[in-house]
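Just so you know, we're using the numbering used here here: the sequence shown kicks off at 841 and counts up by one.
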Amino acid sequence: MNDLTPAFLTEKHAAGLDYADYLASDPGRAPQWQAIHDRLTLSDAQTALLGAFTREMKVFCVSGMWCGDCVAQGPMLARIAEASPMIDLKWLDRDEHDDLSERVTINAGQRVPTVLFCAEDFELVGFLGDRTLNRYRAIAAQQVGAACQLPGAEVAGDELAATLQDWLDEFERVQLLLRLSPRLRQKHGD
């Protein structure tokens, strides 16, 4: 991760797309993303939590419009970012930005979605991908054993809610890390 410098990350973030432009990049697949997005709502408590964020977060989602995990989880990231002006989320296609995706491999693979979290000055905080714990639990329940789910099968509402909460928890963890950072506390005088 030494090569994920603030200068490199600033450049990549500037090259990223907002959610609407990312979906517009593949109109044939965008309806699948929109269908999941339309099913997602944040609770009042979740919205209040995100609205209380005080540190700006630069966030990248390395993704693929073709990816089933991205279709299921990407709209969750969009909903979270929509609820907080402190989250600056950009979307980068994995294959178009392979210089980034090669630097954030997980288990020796270029997995998607991979979400990078940075401070306001593009200091890397960390990254998470390709699935949250609840998403892995649901997939393992379907695939570990005698049978596995068919591709394109419906994502259950309780799995959506649990995975959304996983992502929200990660955003909160990063926000607290930034809020308690001695470097940023000194910078902001708080």
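Cβ coordinates follow ideal geometry from the N, Cα and C atoms, glycine included.
Using a Cβ-Cβ cutoff of less than 7 Å, which residues in the same chain neighbour Leu1000 once the five nearest sequence positions on both sides are dropped?
Here the set comprises Arg879, Leu880.
Which residues in the same chain as Leu917 place their Cβ atom closer than 8 Å to its Cβ, once the five residues preceding and following it in sequence are excluded?
So the qualifying residues of the chain are Val899, Cys901, Leu929, Pro953, Val955, Trp1007.
Element boundaries [beta strand (DSSP E), containing Ile927]:
Run containing Ile927: 927-933, per the beta strand (DSSP E) assignment.
Could you tell me which of Gly966, Asp861, Ser1021 sits nearest to Leu844, measuring between CA atoms?
Of the listed residues, the one whose Cα sits closest to Leu844 is Gly966.
Could you name the residues that DSSP lists as bridge partners for Lys898?
For Lys898, which the question treats as bridged, DSSP gives the partners Asp928, Cys958.
Look at the alpha carbon of Leu1049 and the alpha carbon of Glu963, and state the distance between them as a whole number of angstroms.
Because the chain in this structure spans residues 841 to 1030, residue 1049 falls outside the shown range and cannot be described.
So what's Ser1021 in DSSP terms, helix, strand or just coil?
It is coil, neither helix nor strand.
Rounded to the nearest angstrom, what separates Gln982 and Thr1003 at their Cα positions?
Each residue's alpha carbon lies about 16 Å from the other.
By Cβ distance, which residues of its chain are closer than 8 Å to Asp938, with the 5 residues on each side in sequence left out?
Cβ neighbours of Asp938 beyond the five flanking positions: Gln950.
Mapping the DSSP letters down to three states, classify Gly914 as helix, strand or coil.
Under the three-state reduction of DSSP, Gly914 is assigned to helix.
Where Arg1023 falls, given that 16 or more other Cβ within 10 Å makes a residue buried
By the 10 Å Cβ count, Arg1023 comes out exposed.
Beta-bridge pairing of Ile946 - partner residues as DSSP gives them:
Gly949, per the DSSP bridge assignment.
Just to confirm my understanding: we take Gly969, look at its own chain, exclude 5 residues before and 5 after, and list those with CB closer than 8 Å. What are they?
Around Gly969: Val902, Val944, Ile946, Arg951, Val952, Pro953, Thr954, Val955.
Taking Ala855 as the reference, which of Pro925, Gln1005, Val995, Leu940 has the closest Cα?
When each option's Cα is compared against that of Ala855, the closest is Leu940.
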